[in-house]
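A.B. asks:
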Amino acid sequence: MPALVFEDSLLVRYSTWLEWREAKVSEATRRANVPLVEADTVQCSHCWGQRRIFAPAPNGEGVVPHPCPACLGRGYLTTIV
Ligand SMILES: [Zn+2]
Numbered sequence: 009m010p011a012l013v014f015e016d017s018l019l020v021r022y023s024t025w026l027e028w029r030e031a032k033v034s035e036a037t038r039r040a041n042v043p044l045v046e047a048d049t050v051q052c053s054h055c056w057g058q059r060r061i062f063a064p065a066p067n068g069e070g071v072v073p074h075p076c077p078a079c080l081g082r083g084y085l086t087t088i089v
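Next up, the structure:
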């Protein structure tokens, strides 16, 4: 029985659930050794790498996220001058 799953809002078809599981395990293995911060970059000290700053909503109803003005929503800054 084929497996149909949504991945990043796309419908993906796998022949079997075993094939889906092997794809997920290999993807997790590939990502296991990827550094959280790339070389020659540092986490943004303004948003602490969260890429957003919460500010009061314009209508006064709580707080809403805005892209960080220091890193422009990237979450990191380059150290190369
Ligand atoms: Zn930032």
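In the numbering used here, the protein residues as written are 9 to 89.
Where is the CB? At the ideal position from N, CA and C, for every residue including glycine.
Tell me the DSSP secondary structure of residue 11 in three-state form.
C.D. replies: In the structure shown, residue 11 sits in a strand (DSSP, three-state: E or B).
A.B. asks: Specify whether the region 32-42 and the region 52-71 touch according to this definition: at least 3 beta carbon pairs, one from each stretch, less than 8 Å apart.
C.D. replies: Contact between the region 32-42 and the region 52-71 is absent, because fewer than three Cβ pairs lie under 8 Å.
A.B. asks: Measuring CB atoms only, is the region 69-79 touching the region 40-47, in the sense that at least three cross pairs come out at less than 8 Å?
C.D. replies: Short answer: they don't touch.
A.B. asks: Less than 8 Å between C-beta atoms, sequence neighbours within five positions excluded: which residues of the same chain meet that for residue 84?
C.D. replies: Correct list, in chain order: 45, 46, 49, 50, 51, 52 and 57.
A.B. asks: Looking at the structure shown, is residue 63 part of a helix, part of a strand, or coil, going by DSSP?
C.D. replies: It is a strand residue.
A.B. asks: Per the DSSP calculation, residue 74 is bridged to which residue(s)?
C.D. replies: According to DSSP, residue 74 bridges with 61.
A.B. asks: Under 8 Å Cβ to Cβ from residue 24, same chain only, skipping five residues before and after it: list those, please.
C.D. replies: Closer than 8 Å at Cβ, skipping near neighbours: 9, 10 and 11.
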